[in-house]
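Throughout, the working numbering is defined as the position within the sequence shown, counted from one, plus 266. C-beta: ideal position from N, C-alpha, C; glycine also. Predicted, not measured: the structure shown is a model, and the values here were computed from it. Shown next, in structure tokens, is the structure this report addresses.
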Amino acid sequence: MDFEVMIFLSCYKYSYCSTMDSSTKEECSEAQNDIFILPVYILSLILTKLSRTDILNVKLVSRGFYNIIHENYHLLDRRKVRCVHIEYDKRYGRHPFCLKMAFGNVIGENLHIINYRHNEKSAYFECDEGLSRFLKMFDIKHLDYLHVSSIDDNINIFGILNKFFQKGTKADVLSISKLSEKDLTSFLTFIRKFASVRQITLNHICAPSMGTKDVCSLFSSLSSFNTIKYFRIVECHKTMILSTDFVINLLRNNPNIKHLDVGSCNINFLGNVFKEFFVMKQPRIMKNECDNIETILVLFFGCELKQLDDILRKDFSFTENAIEEVLSEEIFSREFKEYESKLYCRYCPKNRHEINRFARVYYCDNTCQKLDSIF
267 MDFEVMIFLS CYKYSYCSTM DSSTKEECSE AQNDIFILPV YILSLILTKL SRTDILNVKL
327 VSRGFYNIIH ENYHLLDRRK VRCVHIEYDK RYGRHPFCLK MAFGNVIGEN LHIINYRHNE
387 KSAYFECDEG LSRFLKMFDI KHLDYLHVSS IDDNINIFGI LNKFFQKGTK ADVLSISKLS
447 EKDLTSFLTF IRKFASVRQI TLNHICAPSM GTKDVCSLFS SLSSFNTIKY FRIVECHKTM
507 ILSTDFVINL LRNNPNIKHL DVGSCNINFL GNVFKEFFVM KQPRIMKNEC DNIETILVLF
567 FGCELKQLDD ILRKDFSFTE NAIEEVLSEE IFSREFKEYE SKLYCRYCPK NRHEINRFAR
627 VYYCDNTCQK LDSIF
């Protein structure tokens, strides 16, 4: 007997029982309840055979079937989502949770986000339970783009997301608007659910009462990925948790990384990152052809740029690769400097080519108010 037929007969049995008198209804009720005590592996076989149309029909049969479907959505053939934007904002009033989704491709070449407004769906929710129930109806395990935005200090957004994101999730781009001190533990659980990420942006970390040792596990998980091509992390002017070891481990574990943005007011930390970036040995790429041609480090400094520039120049003599200041000017009234070092690839003797390392240093207003207004 086909699985679809089994479901249909069970549904029919329920409908038929509802027309009986009370004397026969109890007997039939016992029979129709058999479907609810089936082993999980049997239920999973049944559910995986159902189309989305069948699922919608079965949900309407009874509250029992509705609950079964919602508890086992992960077993179903769900519609695949490519882009998810989750935002919590009290300005939305009674429905502060905003969800935007897109079902077509949203990532172009070089991880650039393309326009997806034409196929975007939006929904607003009063509570996290409604958001969770809704998202479980879709397949969100392979995403082009995931953005999480919440600047409210009274809600743990990642504790909510951990309820429905599954282990093994993959994302091309993961963008976080703000990571507060209270979020760090739940964010660690969240980031461990991802099997691979190619771009991570942490636009505002605010943890003024924590030190580097308090976030070792988090930074270890972030640097353990070996799929990253672009990484951005900015701590606000009140926070000093970023470490040189974290940045160097990130570069070593991700030999294909092309762009690394680091923002801080910690002048010694940025100086050490600058130095280690130019002196570290070229990581070996064991798979694929070597495309290690250019790596860019961008440092966003929250104080006067001359203070950092004086420290950086002292480190020029520590490397055997010549470091040159190649540019110093203002763009949009913001001063920046660029430094460059060239070396030959160690692992391509037959196809000898240069590897350029660029470090760009900008002044950046990284107060909490400014960072929250941008992202």
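### Query
In three-state terms, what does DSSP make of residue 499?
strand
### Task
Please work out which residues of its chain come closer than 8 Å, Cβ to Cβ, to residue 428, disregarding the five sequence neighbours upstream and downstream, and give them in chain order.
452, 455, 456 and 459
### Query
How about the region 469-487 and the region 604-612: do they share at least three Cβ pairs that are nearer than 8 Å?
no
### Whole runs of the alpha helix (DSSP H) within the region 403-479, excluding any shorter than 4 residues
423-427 and 450-457
### Message
Could you compute how far the alpha carbon of residue 430 sits from the alpha carbon of residue 402?
### Response
7 Å
### Message
Whole angstroms are fine: how far does the CA of residue 513 sit from the CA of residue 373?
### Response
26 Å
#### Entry: C-alpha gap between residue 393 and residue 547, whole angstroms
50 Å
#### Entry: Endpoints, the alpha helix (DSSP H) within which residue 518 is located
510-519
### Query
Would residue 405 pass as a contact of residue 346 if the rule is Cβ separation under 9 Å?
yes
### Query
Which residue's Cα is closest to the Cα of residue 466: 426, 413, 508 and 503?
413
### Task
With a 10 Å radius around its C-beta and 16 neighbouring C-beta atoms as the bar for buried, classify residue 399 as buried or exposed.
exposed
### Query
Closest by CA to residue 569, which one among 537, 578 and 532?
532
### Task
Below 8 Å on the Cβ atoms is my guess for residue 415 versus residue 353; work out the distance and round it to an integer in Å.
4 Å
### Task
Give the straight-line distance between the Cα atoms of residue 387 and residue 433, rounded to the nearest whole angstrom.
25 Å
### Query
How would you write the range of the beta strand (DSSP E) that residue 529 sits in, first residue to last?
525-530
#### Entry: 7 Å CB neighbourhood of residue 632 in its chain, flanking five on each side removed
500, 502, 503, 529, 531, 566 and 568
### Query
Span of the beta strand (DSSP E) holding residue 353?
349-354
#### Entry: Where residue 520 falls, given that 16 or more other Cβ within 10 Å makes a residue buried
buried
### Query
Exposed or buried, what is residue 643 when buried is set at 16 or more other beta-carbons lying within 10 Å of its beta-carbon?
Any question about residue 643 goes unanswered here, given that the chain covers just 267 to 641.
### Message
Cutting at 7 Å between CB atoms, please list the residues of its own chain near residue 540, excluding the five before and the five after it.
### Response
565, 578, 581 and 625
### Message
Could you pull the DSSP bridge partners for residue 621 from this structure?
### Response
609
### Task
Can you give me the start and stop residues for the beta strand (DSSP E) that residue 388 sits inside?
386-391
### Message
Going by the DSSP bridge assignment, what does residue 569 pair with across the sheet?
### Response
Paired residues: none, contrary to the question.
### Message
If you reduce the DSSP assignment to three classes, tell me which class residue 373 lands in.
### Response
strand
### Task
Answer yes or no: do residue 363 and residue 409 have a C-beta to C-beta separation smaller than 9 Å?
no
### Message
DSSP three-state label for residue 626, please.
### Response
strand
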